[in-house]
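Sequence order for the protein chains is A and B. Following the working numbering, the numbering of the first sequence begins with 1 at its first residue and continues without gaps. Following the working numbering, the numbering of the second sequence begins with 1001 at its first residue and continues without gaps. All residues carry an ideal CB built from backbone N, CA and C; glycine is no exception.
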Amino acid sequence: MARQRTARASWKSFSILPGFGLTLGCTLVYTSVLVLIPLAALFLRSSSLGWEGLWREVSTPRALAAYELSLGASLVAALVNALFGFVVAWVLVRYRFPGRRLLDALIDLPFALPTAVSGIALTTLLAPQGWIGRWLVPLGIQVSFTRLGIVIALVFIGLPFVVRTLQPALEELPQALEEAAATLGAGRWHTFRRVIFPALLPALLTGFAMSFARAIGEYGSVVFIAGNMPMKTEIVPLLTIIQLEGYDYAGATALGATMLVLSFVLLLAINLLQLWGRRRAATGH
Amino acid sequence: MAGPAPGRTAAQRSGAAHDAARALQSAALSEPAWVRRTLIGVAVLFLALLLLAPLALVFIQAFSRGWQAYLDALADSDALDAMRLTVVAAAISVPINTVFGLVAAWALGKFEFRGRSLLITVIDLPFAVSPVVAGLIFVLVFGAQGWFGPWLIEHDLRVIFAVPGIVLATLFVTFPFVARELIPIMEAQGTSEEEAARLMGASGLQIFRRVTLPSVGWGLAYGIILCNARAMGEFGAVSVVSGHVRGMTNTLPLHVEILYNEYEFAAAFAVASLLTLLALMTLVLKTLVEWRAARAGR
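Structural data, given as structure tokens:
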């Protein structure tokens, strides 16, 4: 049986189950029509601009300011999420306290809540008269229509990525590892720094990258709190829409294509990080 | 916790020594009480401010003008039209993507072939793409300046700024949900049961209906729930293709945006509260499905 399989040297392993050709064919056709061809349209459109035209569109001062803001705010938000997401995941997995299950279920709220709803709720909450905003005004902190507001919205939508990637990694962490460290006389902080944290690093980086990737493309939860002033608080997805609505197809295409390339690069990075994590788990460090 | 190691049986026999050993072990394997309390405090405060506060705010703002204003905002004809369109878009895209998810999971979860992991990555693409880009690509294909634009105008068909565009954008953003839930489950379950059924003479459809489908039930339910939540809540992609024609191409999230931008805050939050209820129901169902799956797995 095994010899037959290798002898045929086909691109597919032998199986007696039916329906492979049909289901794979349907999958390929549907994926091509709905996803690949439309995405290809974006690349073909931007290639018709030529490198020079593409560069002209993405290097206008307004576009550059938008890129700087989108990348910077997403990076800060992802860092905040990595820190607090780690604490939240740790507390939810390791400790028992009243309300833990409720909080655990709520972690997915940013996934489930439509982004427009998150956007108006956060904006109202952080407005100068809002529940939280009114405590920040005396401190001289303004959130609405500033970059800080954008970062907070991006922290909101990115949090589940870090927590949900870390939780399983924390649960699967073999206890023997910590026991061994303790037996060898390591203090708790030492054990955490030298044993636990390195083992969780792939998951933490994966969650960080996912949160960053999501933040760069985010639109709905940001536009309400951002105020959308050109050069100041205008993110790339919003600028893309503004150009599209102004019938500036070349500009929108160029911005969309660069965002798409960035998503591909981040997707690749996330896949590599996950592979690294699995390898480390398999070899038992 | 793991059972006591064989070496500790001596300590176990003597109760006091065992207790002392346990206390020592837990001190070495856990943090001091003040660290634990601080961490719990930080996590709870962070989640309360970031997640609970916006959630509570939606409902309090929705009822800020009283019950009557709340009901009026929901019974408004534009709101009703928006609800109808949201339900239609979900009713078309969720079943299509569910069938696709099942088909794709059969091909990718039960067979081993070259290019398989590449195809899985491609199926995940709509998750990685910005919602704005998702809308943009359909404008580039079907819009007035797009590939099929002139042909569509000639035949008096509208896709962009019309319902078909909204359905297309919704199909795109909800594309991976069911498939990505099912592929790992089908892969983990292997093919031995299906092969046994095949050897006993069952047809492909019989195997699928009697053997495979019952065993992926919870994963399928999970995927459909998430797919539906996204279909009804999508904002960015739908915003790009809709054109915001009131009563025609407005979904519920778009209606929330319009009301909010017109300073109709109570009405905006009233409509938003419907979407929030949907999100909460999704979370409850998701939690239930996870508990059931964990119990079934045991």
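- Residue environment analysis places PHE14(A) among the exposed positions, since fewer than 16 neighbouring C-beta atoms fall within 10 angstroms of its C-beta.
- At a C-beta separation below 8 Å, VAL1122(B) has these neighbours in chain A: THR31, VAL35, LEU36.
- In this structure, the beta-carbon distance from ILE150(A) to ILE216(A) does not fall below 8 Å.
- Taking 7 Å as the upper bound on Cβ-Cβ separation, chain A lies near residues ALA1028, LEU1029, GLU1031, ARG1036, LEU1039, ILE1040, VAL1042, ALA1043 of the stretch 1026–1043 of chain B.
- Within the stretch 1136–1147 of chain B, the residues whose Cβ lies closer than 8 Å to some Cβ of chain A are LEU1136, ILE1137, PHE1138, VAL1139, LEU1140, VAL1141, GLN1145, GLY1146, TRP1147, listed in chain order.
- Going by DSSP, TYR249(A) is part of the alpha helix (DSSP H) stretching over 249–283.
- For PHE97(A), the secondary structure class from DSSP, reduced to helix, strand or coil, is coil.
- One Cα belongs to LEU92(A), the other to ASP104(A), and the distance between them is close to 7 Å.
- Chain B places no beta carbon closer than 8 Å to that of PRO230(A), leaving this residue out of the contacts.
- By the neighbour-count definition (other C-beta atoms within 10 Å, threshold 16), GLN1068(B) is an exposed residue.
- Taking all protein chains in view, the Cβ of TYR247(A) is surrounded by fewer than 16 other Cβ atoms within 10 Å, so the residue is classified as exposed.
- Against chain B, the beta carbon of PHE161(A) has no neighbour under 7 Å; the closest one sits roughly 11 Å away.
- Taking a beta-carbon distance threshold of 8 Å, VAL88(A) counts as an interface residue toward chain B.
- Within the same chain, Cβ atoms closer than 6 Å to the Cβ of ALA1266(B) are found at SER1064, ARG1065, ALA1069, the five residues on either side in sequence being excluded.
- Chain-ordered, the chain B residues with CB closer than 7 Å to the CB of THR124(A) read LEU1057, GLN1061.
- Contact between the stretch 1069–1081 of chain B and the stretch 129–139 of chain A is absent: fewer than three C-beta pairs spanning the two stretches fall below 8 Å.
- Only TYR1260, PHE1265, ALA1268, PHE1269, ALA1272, LEU1275, THR1276 from the stretch 1260–1277 of chain B bring a Cβ to less than 8 Å from some Cβ of chain A.
- By the Cβ criterion, the stretch 114–126 of chain A is in contact with the stretch 1230–1237 of chain B, since at least three pairs of Cβ atoms, one from each stretch, lie closer than 8 Å.
- Here LYS12(A) is bridged, per DSSP, to PHE1113(B).
- Going by DSSP, GLN1068(B) is part of the alpha helix (DSSP H) stretching over 1066–1075.
- Rounded to the nearest angstrom, the Cβ distance from LEU1285(B) to ILE1225(B) is 5 Å, consistent with a contact under 8 Å.
- Cβ contact annotation for ILE1183(B) (same chain, cutoff 6 Å, sequence separation greater than five): ALA1105, LEU1108, GLY1109, in chain order.
- ILE1120(B) is not a Cβ neighbour of THR31(A), given a cutoff of 8 Å.
- In this structure, ILE1137(B) sits near LEU39(A), with a CB-CB distance shorter than 8 Å.
- Interface annotation for the stretch 56–83 of chain A against chain B: empty, criterion Cβ-Cβ distance under 8 Å.
- Restricting attention to LEU260(A), ARG214(A), LEU205(A), GLY277(A), the CA atom closest to the CA of VAL35(A) is found in LEU260(A).
- Look at LEU49(A): its C-beta is not under 8 Å from any C-beta on chain B.
- Put simply, the CB of LEU113(A) is near chain B, with a gap under 8 Å to one of its CB atoms.
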